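*Asks:*
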Amino acid sequence: MWLKPEEVLLKNALKLWVTEKCNDYFILQRRRGSGEGGGGLTGLLVGTLDTVLDSMAKVAPFRILHQTPDSQIYWSIACGATKEEIEKHWEWLEKTVMRTLSVFDSNEDITSFVQGKIRGLIAEEGKSSLVNEEDPEKFREARLRFEKWFGLPEKEKLVTYYSCSYWRGRVPCQGWLYLSTNFLSFYSFLLGSEVKFVVSWDEIWKLEKTSTVILTESIHVSARGEDHYFSMFLHLNETFLLMEQLADYAIKRFFDKETFEGDPALSDPLQITKRGVETRARSEQFRAFFRLPREENLLEVHESFLWVPFSHFNTLGKICVSENYLCFASQDGSQCYVIIPIREVIGVEKPDNANKAVTMCVRGKRAVRFSEVRDFERFASRIRSRCGVLASPQHGAAGEVSTDVCRSLMEHFEENPEEEALMVGQKGSSKTVSTEALMTVFHPQDAENLDPKMLKEKMKEQSWNIHFAEYGRGMSMFRTKKTRDLIVRGVPEGLRGELWLLFSGAVNDMATHPGYYSELVEQSMGTCTLATDEIERDLHRSLPEHPAFQSDTGISALRRVLTAYAYRNPKIGYCQAMNILTSVLLLYAKEEEAFWLLVAVCERMLPDYFNRRIIGALVDQAVFEELIREKLSQLTEHMTDMTFFSSVSLSWFLTLFISVLPIESAVNVVDCFFYDGIKAILQLGLAVLDYNMDRLLTCRDDAEAVTVLNKFFDNVTNKDSPLPPTVQQAPVGSNGKESHTKVDITDLIKEAYEKYGDIRSEEVESMRRRNRLYVIQTLEDTTKQNVLRVVSQEVKISPADLDDLYEIFKKQHFLSCYWTMNSPVLLHHDPSLPYLEQYQLALPQFRALFSLLCPWAHCAHRDALALWMFRLLDENQDGLLNFKELCCGLDVTYSGTFTDKLKLLFKLHLPPAFSELETGSPVFSKGSRLCKEDLSHLSQLNVSLTDVSDDGVIRKSPEKGKGKVDLQAYLKQWQDELLKKEESIKDLPRINQAQFIQFSKTMYNLFHGDPEEESLYRAIARVTSLLLKMEEVGRRLQGSGAPSEAGPVEGPAARPSGVESETSGASRSSADTGGATSPAHGQRDTEWSFAFEQILASLLNEPVLVRFFEKPVDVHRTLEQAKMAQIRANK
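In the working numbering, each residue's number is its place in the sequence shown (first place is 1) plus 12.
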């Protein structure tokens, strides 16, 4: 490899390098301790030094230096891992460069020419390289070490590498951690002790930062039942963030494809870089914090001050700019942040050079001023150009406006706050069936009602109006501590829909997709799917006590919203709990607004909640358990089984407490959720447990604890709710006896914020990422245990070996996806299917496993044998093998008796394994002579039936696994398997001429390389001869009893002599024997066949054949070798 020329002091280098060749301008050297004469103490010391100092000499012990006469300065220009590689570079220099150097007059010119030539070669190599790093030269060297040390395929993309210590017990090993697209790898070499391991990201169960007495700060990785600890990083947080992102990428790509497909940024594993992963992580945090659409990416970050008009001071923070939004978040603890859609910016003032300030005019007579922006002129120019493109025609093009205009707008806003316009998107009514919130229809507020509750409701509205006047209204409203205080106190009924839409970010989706919902409603009307059937079933179960859902108006609106969302997102479709949530949304928001609120909840705020495995809810439950252990340790000491909290809290997370609280109290919880996200639900859950701590500590079992919590929820009230009794929901478990005092929901929420408000959203997101690995791997382990429980009853393979075999089977599926963008193999994993069908292998993956696992894989026609085995094991003929089908086939080759193995071989040469095309070929039916080439060709033929793919696999049901599971068909298949009797050898059909010839060829191929190879060849030749003689005798006896059929008997008469000649010569092909047919009888029917009993009886007479098939197989060793060779086999 050519290197960027670097200066070398040869005086010091002579102690570590040995000169092999030299001339006037170049020196070829070898590292001491490597090559011939290497090793010993010198090799250990030099190897250790190279590893610790990250020297290229560890993997490239040869180098070429450039020198000039009469100079003490040398330049390294090339290195090589082998002598052959470095010799090629040396020869190129002698032939190409040496002749040119003689024309230069000065040494400086020679050195400049050589350096320029080498840099040109490196640049030429870099044109096709995928490396996109800050220091390409160092990265090229690191990649060379990575490829040499770990033996991974060249397609594996190295993302970055770090120097660190790996702890083996209490002993640290200094080495290098390499992070690539699919693997975490570590290498260390200290005084002859080499530490090297590779862990794939999809095997990791736990990834966290830890701190102990010995390790002040380290990274803990748990995978395959082993714990790995890494410490002494220069930038630990950066390393951990990158590891977290790569693990999350692998989990989404392989286990959670629904989420991954919505994230195209990392769709190609060959294009992933450190910079790209870090950028993606920052964009995710940016979108989550400001509740922005998934399409937004963080483009710029500027530190600046924001003028806060209501407080008359500047607050320090950061400006974050994406494609369509400009956001600001304070850093001084004031919790002030602003979101400004660029579509609402109508002008940008000329930059103020004195204060480095930029002032923007926003719709609604608003002005926002940022000062001390470092690159303020460029920042103002970019915002002006973007809003000029995005501005709506009715508002005119955004451009540069005068200072006086912006200043007058700011003064006008401060002096006349009551003129603040309503939020954008609320003025016009959407073209949907229902344009009013159901609450306004079924419970209109009476302005003249002087009820105390209504008076308090009006006071709340007045508080919010004052807030709007001071802080603004709409998307560009300033959001501060005061905003949260108002949310905690409860949102007025008339403002609830508007504020939910604003704080969830759904207003952005609705504003940028006008008419989208109406189109969805039209397109989805009349569709009939499994989702629509489930929706119809649950429509009347959604808040059945509320008058709105006792009428066709509410039911029809609920149907339209749920059906439209199922049509928009068929991967989620419809899940239970969506109906309850949507019902509440429809009470306070218009139909189109409720739809976009549902989109915000399902796709952003509660990701992965509403899918088949509710992974998101399980992850948040794990976060909840972690917080319980941290905040309520007394409770965890009493209730050691944490699964209780998971079971009781699942409905809390899925329905945002709507299913356990009365509706008038639950809406207050939803208020907090839309403002603070899942953090609000976690806080309230902790507060509920804390409030009931004393009662829970006295509970003797889980049932008693559940009763305590249910009674508590029944007694949660909302004393300020203006809803009439006909609308309010009765307590679920009320029996007339009050064992609990009434608890007001507002007080409970206040307590939750006071006690647990210190939980930061960033911490929650970090805990989500950490627990996501564990939850998904737990689900995968559950799948594995269920599969092993079923398969272990069918095979003789030991449980430990069966566990290893499952890991190899699953790893083969992943290896087919590691280095391919949008690999079709990913479609063979569907968690919605029954356990056995979740992972399946197609023919290419099975062939790779066959070569690693099957004792018969060493034969010459391995691929043909693998194809026949695949067809035979594919019982439902869908072109895919599940784990049970694979194990049943391998179990015969591992543990089967002589009869079992022979029966398997026999069936491999019958349909559907050995297809009808191969048996019905004219070559065989005419009885003409078969040469070896013909048989070789026929053994490779594919099936030509109606449902055959290019790979030769019969697929009778290609749709299987693509849609919903047919449970009746699955149960019938299961019943058939239970009733299926053990197959008798008498049930096997006879093997015909073509099949028997191929059977004989396969037997010959199996013996290749065996110590008794020659004896086996002779034995099978004797068996073949004996069988043909038996067939001839049978035909003659049959012919003597039926003269009309005696004609064809003479055809095979010539065969025994041919066979006998083969036997005497110990020939290794029975193909020619079977084809020695008299041409005179070629037109007659001379087809002959054998029964399995005949072949079995003949082979039992040959002890050497019996010994071959009854030879024990070391299954454990085979599996261990397969694990080690599996990755190399996929190079």
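Glycine included, each C-beta is placed from N, C-alpha and C at the ideal position. Quick caveat, the model's predicted, so the values are computed rather than measured.
How do the segment 775-782 and the segment 510-526 stand: do at least 3 beta-carbon pairs fall below 8 angstroms, yes or no?
*Replies:* No, because fewer than three Cβ pairs between the segment 775-782 and the segment 510-526 fall closer than 8 angstroms, the two stretches do not touch.
*Asks:* Run through the DSSP bridge pairs and tell me what HIS90 is partnered with.
*Replies:* The sequence shown places Ala at residue 90, rather than the His named in the question. DSSP output for ALA90 lists TRP14, ILE76 as bridge partner(s).
*Asks:* Where does ALA503 fall in DSSP's three states?
*Replies:* Strictly speaking, residue 503 in this sequence is Val, with Ala absent from that position. Coil at VAL503, not helix or strand.
*Asks:* Which partner residues does VAL183 have in the DSSP bridge list?
*Replies:* Beta-bridge pairing links VAL183 to ARG180.
*Asks:* Could you give the residue range of the alpha helix (DSSP H) that holds VAL211?
*Replies:* Looking at the DSSP string, VAL211 is not in any alpha helix (DSSP H); the run it does join, the beta strand (DSSP E), is 205-212.
*Asks:* Given this structure, state the Cα-to-Cα distance separating PRO81 from TRP213, to the nearest angstrom.
*Replies:* Going from the Cα of PRO81 to the Cα of TRP213 covers about 53 angstroms.
*Asks:* Just grab the DSSP bridge partners of GLY329 for me.
*Replies:* Looking at the DSSP assignment, GLY329 forms a beta bridge with SER316, SER342.
*Asks:* From what residue to what residue does the alpha helix (DSSP H) around ILE757 run?
*Replies:* Its alpha helix (DSSP H) spans residues 757-768.
*Asks:* Suppose contacts are defined by Cβ-Cβ distances below 8 angstroms. Is ALA134 in contact with LYS218 by that definition?
*Replies:* It is Ile, not Ala, that sits at residue 134 in the sequence shown. Not closer than 8 angstroms, so no.
*Asks:* What's the C-alpha gap between LEU666 and LYS150?
*Replies:* Spanning the two alpha carbons is a distance of roughly 50 angstroms.
*Asks:* Verify whether the separation of the beta carbon atoms of PHE895 and VAL799 is less than 8 angstroms.
*Replies:* Closer than 8 angstroms, so yes.
*Asks:* If I measure Cβ to Cβ from LYS443 and keep anything under 8 angstroms in the same chain, skipping five residues before and after, which residues do I get?
*Replies:* Legend: pLDDT at LYS443 = 41, less than 50; position of this residue unreliable, value from coordinates given subsequently. The answer, listed in chain order, is GLY527, SER530.
*Asks:* Need the endpoints of the alpha helix (DSSP H) that GLU797 sits in, please.
*Replies:* Per the sequence shown, the amino acid found at residue 797 is Gln instead of Glu. First-last of the alpha helix (DSSP H) with GLN797: 773-803.
*Asks:* Residue range of the beta strand (DSSP E) that GLU220 falls in?
*Replies:* First-last of the beta strand (DSSP E) with GLU220: 216-222.
*Asks:* HIS552: buried (16+ other C-beta within 10 angstroms of its C-beta) or exposed?
*Replies:* With fewer than 16 Cβ atoms within 10 Å of its Cβ, HIS552 is classed as exposed.
*Asks:* Using CA coordinates, which residue listed in PHE858, VAL207, GLN588 is at the minimum distance from GLN1?
*Replies:* Beyond the ends of the chain as shown, which are 13 and 1143, falls residue 1; an answer cannot be given.
*Asks:* DSSP three-state call for ASP890: helix, strand or coil?
*Replies:* Residue state, collapsed to three classes: strand.
*Asks:* Output needed for LEU610: all residues of its chain with C-beta closer than 6 angstroms, excluding positions within five of it in sequence on either side, in chain order.
*Replies:* Excluding residues within five positions, the ones whose Cβ falls inside 6 angstroms are TYR577, THR594.
*Asks:* Assuming ASN680 contacts ILE757 under a Cβ cut-off of 8 angstroms, what Cβ separation, rounded to an integer in Å, is found between them?
*Replies:* That belief holds up - the Cβ atoms of ASN680 and ILE757 are roughly 5 angstroms apart, short of 8 angstroms.
*Asks:* Using the C-alpha atoms, what's the distance from LEU893 back to LEU1040?
*Replies:* If you take the alpha carbons of LEU1040 and LEU893, they lie about 37 angstroms apart.
*Asks:* Three-state secondary structure (DSSP) at LYS368?
*Replies:* LYS368: coil per DSSP, three-state reduction.
*Asks:* Using three-state DSSP, classify THR31 as helix, strand or coil.
*Replies:* Three-state DSSP puts THR31 in a strand.
*Asks:* Identify whether ALA379 lies in helix, strand or coil by the three-state DSSP scheme.
*Replies:* Residue state, collapsed to three classes: strand.
*Asks:* Could you check whether ILE1003 and PHE918 sit closer than 8 angstroms to each other, using their CB atoms as the reference points?
*Replies:* Yes, Cβ-Cβ distance for PHE918 and ILE1003 is below 8 angstroms.
*Asks:* What is the DSSP secondary structure of GLN852, reduced to helix, strand or coil?
*Replies:* In this structure, GLN852 counts as coil in the three-state DSSP scheme.
*Asks:* Taking 7 angstroms as the cut-off, is the CB of GLY181 close to at least one heavy atom of the ligand ADP?
*Replies:* Because no ligand of any kind appears in the structure shown, any question about the ligand ADP cannot be addressed here.
*Asks:* Given ALA392, which residues of its chain have a CB within under 7 angstroms of its CB, disregarding the five upstream and five downstream residues?
*Replies:* Closer than 7 angstroms at Cβ, skipping near neighbours: VAL360, PRO363, VAL370.
*Asks:* Would LEU352 and SER488 be called neighbours here (beta carbons separated by less than 8 angstroms)?
*Replies:* The amino acid occupying residue 352 in the given sequence is Ile; Leu does not appear at that position. Cβ distance < 8 angstroms, so ILE352 and SER488 count as in contact.
*Asks:* Given this structure, state the Cα-to-Cα distance separating ALA1058 from LEU1038, to the nearest angstrom.
*Replies:* Residue placement at ALA1058 is flagged as unreliable, the pLDDT there being 36, under the threshold of 50; the coordinate-derived value follows with that caveat. Spanning the two alpha carbons is a distance of roughly 22 angstroms.
*Asks:* In terms of residue numbering, what span does the beta strand (DSSP E) encompassing SER488 cover?
*Replies:* Here SER488 belongs to no beta strand (DSSP E), and DSSP marks it neither H nor E.
*Asks:* Between which two residues does the beta strand (DSSP E) harbouring VAL350 extend?
*Replies:* Counting along the chain, the beta strand (DSSP E) containing VAL350 begins and ends at 349-353.
*Asks:* Check each candidate in PHE158, ALA589, ASN194, ARG43 and name the one with the smallest Cα separation from SER200.
*Replies:* Comparing Cα-Cα distances from SER200 to each of PHE158, ALA589, ASN194, ARG43, the minimum goes to PHE158.
*Asks:* Looking only at its chain, what residues have a beta carbon closer than 6 angstroms to the beta carbon of VAL333, apart from the 5 residues adjacent to it on each side?
*Replies:* These residues qualify, in order along the chain: LEU311, GLU312.
*Asks:* Counting pairs of beta carbons, one from the segment 170-185 and one from the segment 235-248, are three or more of them closer than 8 angstroms?
*Replies:* Judged by Cβ distances under 8 angstroms, the segment 170-185 makes contact with the segment 235-248, as three or more pairs qualify.
*Asks:* Once DSSP output is grouped into helix, strand and coil, what is the label at VAL1045?
*Replies:* VAL1045 falls in the helix class under three-state DSSP.
*Asks:* Between which two residues does the alpha helix (DSSP H) holding SER530 run?
*Replies:* Segment 528-536, the alpha helix (DSSP H) holding SER530.
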